[in-house]
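Student: The following block contains the structure, expressed as structure tokens.
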Amino acid sequence: MQDSNVREMIGVQGLRLQRGTLKDEALSVVRSALLSGEMKPGRIYSANSLAAQLGVSNSPVREAMMELAAKGLLEVVRNRGFRVVEMNDADRQEVYDLRMMIEVPAVVKVAGKGLTDEQQATVRRLAQATLDAAHPDRLPEYLDADQAFHMGIVGLLGNRRLNGIVENLRDQSRVRGSYHLAERGVLRQSAEEHLPIVEALVAGDAERLQALMVEHLDYARP
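12 is the number of the first residue of the sequence shown in our numbering; add one for each residue after it.
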């Protein structure tokens with residue numbers, strides 16, 4: 012079992028979970044480690060070990076990891092813990108295809124509805140936040156800002172089930188270290204691509220927006 016890897020790889024030193032939100036905060040910690048690549052595909056992690064590190068009981072941590080397993084990010088290994096899902100090229104192609112079929116049209120639909128001045132200001136602010144965080148040593152912060160930007164746009168449709176589907180697909184495609192954007196030196200480029208996306212969205216230019224989104228998501232292709 013890889014218990015020692017949990018202590019070594021998940022940066023939770025000094026973290027104190029707040030009463031009443033233990034499971035949600037544990038979920039945030041583990042999800043961040045998954046998406047940043049701190050938790051490695053194929054390796055097994057112990058809920059008990061992480062709970063001890065966080066200074067909480069096993070129950071909220073295990074519940075959080077079970078939720079991530081239900082979303083396809085972890086898988087239960089009986090009597091051992093949770094293994095980070097290893098996605099092969101076929102798996103990644105399926106997720107990529109679904110994002111093309113669901114996420115891109117959702118964003119285009121937002122453009123068709125039109126944005127209020129307040130909504131325009133919000134998406135511009137979210138885009139700027141990704142630029143501010145686009146540094147290799149701030150990858151977890153960038154991932155949160157990037158997710159907030161994209162989900163902020165999809166969320167304008169007001170479809171809760173759609174939000175859940177898109178969020179899950181994005182997480183599944185990013186579980187292998189967010190496409191290694193920092194390692195490939197394209198983190199800043201990815202953030203800068205948000206700016207023309209915002210302009211096309213605000214202008215209601217559906218055709219350009221679709222092309223920009225397809226290009227933006229190209230690094231998620233297997």
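Positions of the beta carbon are idealized from the N, C-alpha and C atoms, including for glycine.
None of these values were measured; they are calculated from a predicted model.
1) Under the three-state reduction of DSSP, which class applies to GLU86: helix, strand or coil?
2) On the criterion of 16 or more Cβ atoms from any shown chain inside 10 Å, does ALA101 qualify as buried, or is it exposed?
3) Using only CA atoms, which one of ALA132, LEU142, GLY215 and ALA231 lies nearest to LYS124?
4) Straight-line CA distance for LEU109 to ASN99?
5) What's the C-alpha gap between SER4 and VAL40?
6) What would DSSP say about ARG54, mapped onto helix, strand or coil?
7) Please confirm if the stretch 198-205 is in contact with the stretch 62-76, defined as three or more CB-CB distances below 8 angstroms between the two stretches.
8) Using 8 angstroms as the Cβ pair cut-off and three pairs as the minimum, do the stretch 129-145 and the stretch 89-99 touch?
9) Just curious, the beta strand (DSSP E) that VAL95 is in, first and last residue?
10) ARG232 by DSSP, collapsed to three states: which one?
11) Please state whether DSSP places GLY66 in a helix, a strand or coil.
12) Answer yes or no: does any C-beta atom of chain C fall closer than 8 angstroms to that of ARG94?
13) Between the stretch 114-128 and the stretch 68-84, can you find at least three pairs of beta-carbon atoms closer than 8 angstroms?
14) Output the distance between the C-alpha atoms of LEU223 and SER60, rounded to the nearest integer angstrom.
15) Using the beta-carbon count (16 or more within 10 Å), is THR141 buried or exposed?
16) With C-beta atoms as the reference, is GLU97 less than 8 angstroms away from GLY53?
Tutor: To lay it out plainly:
1) strand
2) exposed
3) GLY215
4) 16 angstroms
5) Since the first residue shown for the chain is 12 and the last is 233, residue 4 is missing from the structure and cannot be characterised.
6) coil
7) no
8) no
9) 92-95
10) coil
11) coil
12) Annotation note: the requested chain C is absent from the structure, which comprises a single protein chain.
13) no
14) 43 angstroms
15) buried
16) yes
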